Amino acid sequence: MLGLWRGLVLLVGLVVLSSCFEANLELKVHLNGRVEQILTLVPTQGNTQGQQIVSQFVEKLAKEGWKTQQQGQKVIARRDLKGPGWNTSSLNLGTGAFSDERFQVSQSGGWLVQTYRLEVSLGQPNPALQGLSPAGQLFSLFSASLVPKLSLSLETPLRASAQNADSVNGTAYTWNINPAGGNQFYIEYRIVRWDRVLLLLLAGLAIYGGWRWLRHRKLA
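Residue 40 in the working numbering sits at position 40 of the sequence shown, with consecutive numbering throughout.
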């Protein structure tokens, strides 16, 4: 169980679809507190306009420090949002798609039971494209004629101990993003450190064994 949690990666995705391309923004939150952003761009097959849009954004992403990788028609761009460490102050997702994009990861608890919590706060969508980062431009396709359906999703190998998701399917959690703002999402996990429980048991057995040995010597 502990080995599974050590390798746990939380996947948070924002998805927007258009006739030209599909864009998916993920946040990977590792148990050491490191947060990685992954932007996946997939132009619609045979759509020249979509391919041109993706190519232009890839150039801008590279200039902003994203590491890009081409996989067939798909382009994957990565960058670190924050380094290792928990209990940090609120971060900004930096997409420019929403007026408020706070994101926070925290760890609490004692020596035997630890709690990991992920919180996301999204404000109203930003309707302006000019001046936004490439990722933000992709997620700001809001107009009178086009309001993409946005959602935030998270998948983990274990069930959450607390969450406020709109829908749950096994260990997959999905939140609907309200265009009017006021989106407050969270998910929480409590982990029992069984390695430390075992250590306490072994220590207890050692103390008990030592007490029995001393008692036996006194009686001999």
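C-beta: ideal position from N, C-alpha, C; glycine also.
Please read all numbers here as calculations on a predicted model, not as lab measurements.
Cα-Cα, which of Glu188, Gln124, Leu122 and Asn178 is closest to Leu154? Against the sequence shown, residue 154 aligns to sequence position 154. Ranking the options by Cα distance to Leu154, first place goes to Glu188.
Please report how far the alpha carbon of Arg117 lies from the alpha carbon of Val54, in whole angstroms. The residue labelled residue 117 in the question sits at position 117 within the sequence shown. The residue labelled residue 54 in the question sits at position 54 within the sequence shown. Cα to Cα, Arg117 sits roughly 34 Å from Val54.
Given that a residue counts as buried once 16 or more other Cβ atoms are within 10 Å of its Cβ, and exposed if not, what is Gly209? Indexing the sequence shown from 1 puts residue 209 at position 209. Result: exposed.
Run through DSSP, which three-state label would Ile177 get? Against the sequence shown, residue 177 aligns to sequence position 177. Shown here, Ile177 sits in coil according to DSSP, grouped into three states, outside any helix or strand.
With distances taken Cα to Cα, identify the nearest neighbour of Lys63 among Arg78, Gly72, Arg34 and Arg217. To locate residue 63, count along the sequence shown from 1; it is residue 63. The shortest Cα separation from Lys63 among Arg78, Gly72, Arg34 and Arg217 belongs to Arg78.
Quick test of the definition: if touching needs 3 or more C-beta pairs under 8 Å, does the region 165-181 touch the region 192-202? With a cut-off of 8 Å, the region 192-202 and the region 165-181 do not count as touching, because too few Cβ pairs lie within range.
Flag this pair as yes or no: are the beta carbons of Glu119 and Tyr186 separated by less than 7 Å? Taking the first residue of the sequence shown as 1, we reach residue 119 at position 119. Taking the first residue of the sequence shown as 1, we reach residue 186 at position 186. Contact flag set, yes.
Check whether Leu81 and Gln114 have beta carbons under 7 Å apart: Walking along the sequence shown from the start, residue 81 turns up at place 81. Walking along the sequence shown from the start, residue 114 turns up at place 114. Note that the C-beta distance between Leu81 and Gln114 is not below 7 Å.
Give me whichever residues DSSP pairs with Asn183 in a beta bridge. For the purposes of this step, residue 183 is taken as residue 183 along the sequence shown, with counting starting at 1. The partner list for Asn183 (beta bridge, DSSP) reads Leu122.
What are the boundary residues of the beta strand (DSSP E) that Gly109 is part of? Here the question's residue 109 lines up with position 109 in the sequence shown. Its beta strand (DSSP E) spans residues Glu101 to Gly109.
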